[in-house]
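All residue numbers for the sequence shown refer to our numbering, where the first residue is 18 and numbers rise by one.
C-beta: ideal position from N, C-alpha, C; glycine also.
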Amino acid sequence: MGLQDELEPILSQIRSEADKSWQRYLTGIPDKEDHAEDWQKITNEFFGTVDDLQTRFRRYYAFDAHDFSVNVSQLASPAAPQASGDALVTRPLGGTAVGSIFSADDNYMSDVGSMIHAEQWNGPTAQAFHNNFLKPFERAAQWQQAYVLELATAAAALQLASNRSKRAIKFVAESCLGALKGENKYQGDLGFADTSRDLPGEDVNDGVGILLGVVGLFITGPVGTVVGIAGLASGIYGAAKVGGTEPYLEVEYRDAPQSVISQTEIAIKNLDEWILDQDEVLASALKQDLDSDDAFASPNLRLPPPGVTTETYKSLGIRDAPGGDNQVVVSIVNLARAGSYNLPGAAYEYDLAANQVDACEIPGVMGTFFPRSIAPFNDSVDRLVGILRNTSDSLTRAGDLMLTAARNYRGTDAEQSAIITEISKIPQHHTIAPTK
């Protein structure tokens, strides 16, 4: 149920109770008939403030326009540990941006590196490809995963602020209604600092762990190291600490209904200021990353061109081995497989990741409450999408070169025939590198 569906019935009751409360208030005014015109003006002003108050409540319906939890799940959802040999390894879920980048590396590119390590390909060309493309890819994939996770953390912080704000504005409305009825509703019932009502967790002191856990910052090793370097993590910690502050939102009963309405206006103002505090902290963290050479401006996020051409593959060393299958045929077919299956497969995963990140752009209406952080968040999305698409293009170009080199290899007639036959058996993938 959206906030509007929850709040609108309460606002209707506030209007009704304000009318009843005002009529009761007027009965206690002596000789009001002698000043009927003045009191009619005061009455009109009072109900004008009630109407204005309801408008201020309805501003919060903007929170219904976007669900930040969708961003979190698109970018990085946690997965259960999976067995890998004797150890349990936590892998990102498929269907998420970080999961697609992980899949590109783990399911496709690692096999290409293994061919060189096994010395199926050797010589200066193989080493150049390894040093100038495969190693930079591995580093870029780690950094890219880290910054997808950081973006997910920012979305989780916005989710936390959004959910708290929706609960809080509903509490203010209920507190106002109770005060108009002559009842008090206590802020302790709101449980503002109980993050378990907004994200899984125990209390606000564990806010950082909650945010990181929800978005799946479960990866250890190189990616964990990169995350430790990133500036946004400290910004999110600051956001969690600011999130732990609690604005005064209680509306107390007063005989004069004007006082109840005035208190409610102050409570909404307090909540508005709290949201702006969240916005400021997150905006500062995002801007820090956008401008930093250790963050989105870092060359480590970007994959350089492969640095080889179809001509350089002519000097590719192929290690032959006595006995068994012709190693030249095996290696050339593996080269073709890398070009037509592995690298295009990795490029496809990067396209999926880019699409997931691109879908995370936050609509402008959310700028009503997050005027400072939405623009740098969307800027971060745009930059990361560009980086991921460029990586996909580099992988596709490298695959094209490999496949072309394999098809242009000139061996013996028997080798040529075997190579053509085996290449035809390579399974088709989502995409295929173009032929020359």
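Terminal residues of the alpha helix (DSSP H) in which residue i lies
i, result
"K58", "53-75"
"V382", "Note, V382: premise wrong, no alpha helix (DSSP H); not H, not E."
"K37", "20-44"
"T276", "The amino acid at residue 276 is misidentified as Thr; the sequence shows Ser. It spans 274-308 - the alpha helix (DSSP H) in which S276 sits, taken as one unbroken run."
"A93", "Premise fails: A93 is in no alpha helix (DSSP H) and is neither H nor E."
"F119", "114-120"
Inter-residue Cα distance where the pair is residue i and residue j
i, j, result
"E16", "P274", "The shown model of the chain, from 18 to 453, leaves out residue 16, and the question about it has no answer."
"S409", "Y203", "55 Å"
"Y426", "L352", "10 Å"
"D306", "F188", "36 Å"
"L24", "L177", "19 Å"
"G356", "F146", "13 Å"
"D430", "T438", "12 Å"
"K58", "K183", "35 Å"
"P454", "A392", "Given a span of 18 to 453 for the chain in the structure shown, any question on residue 454 remains unanswerable."
"E378", "E432", "52 Å"
"D289", "Y42", "30 Å"
"P388", "L299", "11 Å"
"E34", "A53", "23 Å"
"E167", "Q91", "13 Å"
"G19", "F80", "9 Å"
"V129", "F85", "37 Å"
"E366", "V347", "26 Å"
"L151", "N372", "24 Å"
Three-state secondary structure (DSSP) of residue i
i, result
"R427", "coil"
"C377", "coil"
"E200", "coil"
"A163", "helix"
"K442", "coil"
"Y125", "helix"
"I391", "helix"
"L207", "coil"
"S315", "coil"
"S434", "helix"
"L320", "coil"
"P153", "helix"
"T7", "The structure shown does not extend to residue 7, since the chain is modelled only from 18 through 453, so no value can be given for it."
"L177", "helix"
"D48", "coil"
"H83", "coil"
Proximity to residue i [Cα-Cα], best of the options
i, options, result
"G199", "I186, R424, V277, D128", "V277"
"A370", "I59, G112, Q21", "G112"
"I31", "D48, P321, Y426, D69", "D69"
"R76", "L401, K442, T385, S434", "T385"
"K442", "C193, R354, A284", "R354"
"T281", "A190, V350, D289", "A190"
"S38", "A53, V89, T60, Q21", "T60"
"G195", "D272, M132, Q161", "D272"
"M126", "L412, P444, E263, A423", "L412"
"P74", "A114, H83, S29", "First, the amino acid is wrong: residue 74 is Phe here, not Pro. The shortest Cα separation from F74 among A114, H83, S29 belongs to S29."
Residue-level contact to chain D via CB, residue i, 8 Å cutoff
i, result
"Q30", "Among the chains in the structure shown there is no chain D, since it carries only a single protein chain."
Contained beta strand (DSSP E) runs [length at least 3] in the region 340-370, N- to C-terminal order: none
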